[in-house]
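The listed protein sequences correspond, in order, to chains A and B. 410 is the number that the numbering used here gives the last residue of the first sequence; the numbers go up by one with no jumps. 1150 is the number that the numbering used here gives the last residue of the second sequence; the numbers go up by one with no jumps. Just so it is clear, CB atoms sit at the ideal spot from N, CA and C, and this is done for glycine as well. This report concerns only the one structure given below.
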Amino acid sequence: MILDNLFYLFVFPGFLFVAVLGLLVGWVDRKVSARFQFRVGPPVLQNFNDFFKLLGKQTIIVKDSVKSLFIAAPLLAFGTLCLIATMVGMALFFEQGFHGDLLVLMYLMMVYSVMLVLGGISTGNVYSSIGAGREIKLLLGDELVFILVCLIPIVKSGYAVNLEAMIIAQSDGMFIGSVSGVIGLIAGLLCIQAKMALRPFDIAEAETEIVEGPLMEYSGPLLAFWKLNHHIMYVAYPLVLVVLFFGGFNLQGIGILWAVLKYLLIVVLMIIIKNTNPRLQIDNALKFFWRVLAPLAFIGLILAVLGV
Amino acid sequence: MGWYNKRLAKSLWVFHVSGSPCNNCDIEILDLLTPKYDLERLGIKLVGSIRHADVLLMTGVMNKKIAPRIKKLYEQAPKPIFVVAVGSCPASTITFKKSYNRVEKIEDVIPIDMYIPGCPPKPEAMIEGVAKLIGVLNG
Ligand code: SF4
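See the structure below:
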């Protein structure tokens, strides 16, 4: 039993699986982005090289930082993401879960952003603090929309709050086949974009403006963990959308192909949005979330209640 | 160490600092990072923070005002770090030989691992220089 759980957490839907898959999908992202700019792009194992290189570099602990927080933030964020991946993976691959795991998932996704904020503030660097402040504001913007988005499948599956029940409710027709499902997916996709700090919402980690914000002072293995976190998100967060709107995976025969297509559809949509949009200012991003996406998601919710 | 050096050679992140050049070398470095030459296929990436860097790209003769700052940058970088001096300026001071405010010898400020001469060097020459660095790392 204990061994099984450790296996789930560290090997299959958990750490090892998402880390390796995430580094590979990170390559897809970089390659597609390179093709968008008429470049050749990096080799397949580039992200693995980056990760192992960073593991071997020196870590500099900033003198004026809150040292415990500075070290703990990337590791806790990493643990949080492994937990998210395990929970989603258990529902997808083994149809297991516990009552209310969607709510836990929503909180864990928030915890990651909080860790990014804490890591940023702990360094005492001006740019990092600006980045952390922006991350909080962005969290205020996308969290409301994300909760509304999660409510749509909850309503449609007959008020079930666990992932497994949602997959079962979609066995005779995915939620994406309805109007409210489409609205939910659009809003959800943009929320995930903001949570993963991809353009146009990479406001907190703007590389050319505030030098990767919260990550600026990190070096060596701790930076490697931040980068790995980013890659794990590429696997975990789209899979959440797959559960909510595409009815999970059916891993038999042709179903495997469908499963890969569902996942790739979301990832490619995210990469296209990322490569065709410039970065928003923080106030415009908040306006976008509160004035455009929140009403849209709310309309989707009302439609879901009406059964459309 | 051989295995690690191979990883390092495939993923050199570059931080660019301009130590009082005539600015032409900087412009040429920016050309180098455009899609035409596409350094990402060699794993090279321009980073904005010295904490993430593996290579410190330096241009210019280094005058007395910027010298302490470059020294500080070098000390802030996580080791191992390679310093690559771009242009004929750091190599032989050329036009600025009689300048009153340049430091006597830039090797006294920071150790330099490689020079890429040229005024300014072509992007192709810089790529060749970086390829040589990669070759040294690969042994
Ligand atoms: S080497 Fe030539 S082009 Fe480069 S900074 Fe010196 S004078 Fe300018």
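Going by DSSP, what residues sit across from residue i in a beta bridge?
{"i": "TYR1126/B", "result": "ALA1096/B"}
{"i": "TRP1029/B", "result": "Note on residue identity: the sequence assigns Ser, not Trp, to residue 1029/B. Note: SER1029/B sits in a beta bridge opposite THR1070/B."}
{"i": "LYS1108/B", "result": "Its beta-bridge partners do not exist; DSSP assigns none."}
{"i": "LYS1056/B", "result": "TRP1024/B"}
{"i": "ARG1113/B", "result": "ASN1074/B"}
Is the distance from the Cβ of residue i to the Cβ of residue j below 8 angstroms?
{"i": "TYR336/A", "j": "GLY128/A", "result": "yes"}
{"i": "ILE1081/B", "j": "PHE1026/B", "result": "no"}
{"i": "VAL80/A", "j": "ALA361/A", "result": "Because chain A in this structure spans residues 103 to 410, residue 80/A falls outside the shown range and cannot be described."}
{"i": "PHE195/A", "j": "LEU353/A", "result": "yes"}
{"i": "VAL345/A", "j": "VAL190/A", "result": "yes"}
{"i": "PHE391/A", "j": "ASP152/A", "result": "no"}
{"i": "ALA174/A", "j": "ASN331/A", "result": "no"}
{"i": "VAL1147/B", "j": "MET1073/B", "result": "no"}
{"i": "ILE186/A", "j": "MET211/A", "result": "yes"}
{"i": "LEU111/A", "j": "THR188/A", "result": "yes"}
{"i": "GLU314/A", "j": "GLY1054/B", "result": "no"}
{"i": "PRO1101/B", "j": "GLY1071/B", "result": "yes"}
{"i": "PRO397/A", "j": "ILE368/A", "result": "no"}
{"i": "GLY350/A", "j": "ILE285/A", "result": "no"}
{"i": "PHE347/A", "j": "GLY283/A", "result": "yes"}
{"i": "SER224/A", "j": "LEU177/A", "result": "no"}
{"i": "SER1110/B", "j": "GLN148/A", "result": "no"}
{"i": "GLY1230/B", "j": "ILE1123/B", "result": "Nothing about residue 1230/B can be read from this structure; chain B reaches only from 1012 to 1150."}
{"i": "LYS1075/B", "j": "ASN1112/B", "result": "yes"}
{"i": "SER135/A", "j": "ILE375/A", "result": "no"}
{"i": "LEU395/A", "j": "VAL257/A", "result": "no"}
{"i": "ASN1034/B", "j": "ASN1149/B", "result": "no"}
{"i": "ILE163/A", "j": "PRO1089/B", "result": "no"}
{"i": "ALA399/A", "j": "LEU250/A", "result": "yes"}
{"i": "ILE1105/B", "j": "SER1031/B", "result": "no"}
At least one CB of chain C closer than 8 angstroms to the CB of residue i: is that the case?
{"i": "PHE277/A", "result": "Among the chains of the structure shown, chain C does not appear; the protein chains present are A and B."}
Can you find at least 3 beta carbon pairs, one from the stretch 200-216 of chain A and one from the stretch 260-270 of chain A, that sit closer than 8 angstroms? With a cut-off of 8 angstroms, the stretch 260-270 of chain A and the stretch 200-216 of chain A count as touching, because enough Cβ pairs lie within range.
Cβ contact (3+ pairs, closer than 8 angstroms) linking the stretch 394-403 of chain A and the stretch 313-325 of chain A: Too few Cβ pairs lie closer than 8 angstroms, so no.
For the stretch 1022-1050 of chain B, which residues have a CB atom closer than 7 angstroms to at least one CB atom of chain A, in sequence order? Taking 7 angstroms as the cut-off between beta carbons, the residues of the stretch 1022-1050 of chain B near chain A are SER1022, PRO1046, ASP1049, in sequence order.
I'd like to know if the stretch 218-226 of chain A and the stretch 288-297 of chain A are in contact, where contact means that at least 3 CB-CB pairs between them fall below 8 angstroms. Contact fails: fewer than three Cβ-Cβ distances are below 8 angstroms.
Could you check whether the stretch 1060-1079 of chain B touches the stretch 1092-1106 of chain B, counting it as contact only if at least three pairs of C-beta atoms, one from each stretch, sit closer than 8 angstroms? Counting Cβ pairs under 8 angstroms, three or more are found: they touch.
Touch test, the stretch 295-303 of chain A against the stretch 377-391 of chain A, Cβ-Cβ under 8 angstroms, three pairs minimum: Contact between the stretch 295-303 of chain A and the stretch 377-391 of chain A is present, because at least three Cβ pairs lie under 8 angstroms.
Closer than 8 angstroms, Cβ to Cβ, to anything on chain B: give me those residues from the stretch 300-311 of chain A, in chain order. Of all residues in the stretch 300-311 of chain A, GLU309, THR310 have a Cβ within less than 8 angstroms of some Cβ in chain B.
Using a Cβ distance threshold of 8 angstroms, determine whether the stretch 367-380 of chain A contacts the stretch 306-315 of chain A, with at least three qualifying pairs required. Output reads no: the stretch 306-315 of chain A does not touch the stretch 367-380 of chain A.
Stretch-stretch touch, CB-based, cutoff 8 angstroms, three pairs: the stretch 224-233 of chain A with the stretch 146-163 of chain A: Cβ pair count under 8 angstroms is below three, so no.
Are at least three pairs of beta-carbons, each pair with one atom in the stretch 1043-1056 of chain B and one in the stretch 1128-1139 of chain B, less than 8 angstroms apart? Contact holds: three or more Cβ-Cβ distances are below 8 angstroms.
Using a Cβ-Cβ cutoff of 9 angstroms, what residues of the stretch 313-325 of chain A are near chain B? List them in chain order. Cβ proximity to chain B below 9 angstroms picks out VAL313, GLU314, LEU317, MET318, GLU319, TYR320, SER321, GLY322, LEU325 from the stretch 313-325 of chain A.
Against chain A: residues of the stretch 1049-1071 of chain B by CB proximity under 7 angstroms: Of all residues in the stretch 1049-1071 of chain B, only ASP1049, GLU1051, ARG1052, GLY1054, GLY1059, SER1060, ARG1062, HIS1063 place a beta-carbon less than 7 angstroms from a beta-carbon of chain A.
Mind checking the stretch 1089-1104 of chain B against chain A and listing, in chain order, the residues whose C-beta falls within less than 7 angstroms of any C-beta there? Answer set for the stretch 1089-1104 of chain B: PRO1089, LYS1090.
Output needed in chain order: residues of the stretch 129-140 of chain A with a Cβ under 8 angstroms from some Cβ in chain B. Here the close residues are ARG132, ALA136, GLN139, PHE140.
At a CB distance below 9 angstroms, what residues from the stretch 212-228 of chain A approach chain B? Give them in sequence order. Only those residues of the stretch 212-228 of chain A whose C-beta falls short of 9 angstroms from the nearest C-beta of chain B would be listed, and there are none.
Decide if the stretch 1044-1059 of chain B is in contact with the stretch 129-143 of chain A; the criterion is three or more beta carbon pairs, one per stretch, under 8 angstroms apart. Counting C-beta pairs closer than 8 angstroms gives three or more between the stretch 1044-1059 of chain B and the stretch 129-143 of chain A, which meets the contact rule.
Members of the stretch 356-379 of chain A near chain B, C-beta cut-off 8 angstroms: For the stretch 356-379 of chain A, which is checked against every Cβ of chain B, not one residue is closer than 8 angstroms.
Select from the stretch 153-174 of chain A all residues with a C-beta closer than 8 angstroms to any C-beta belonging to chain B, and list them in chain order. Taking 8 angstroms as the Cβ-Cβ cut-off against chain B, the residues of the stretch 153-174 of chain A that qualify are PHE154, LYS155, GLY158, LYS159, GLN160, THR161, ILE162.
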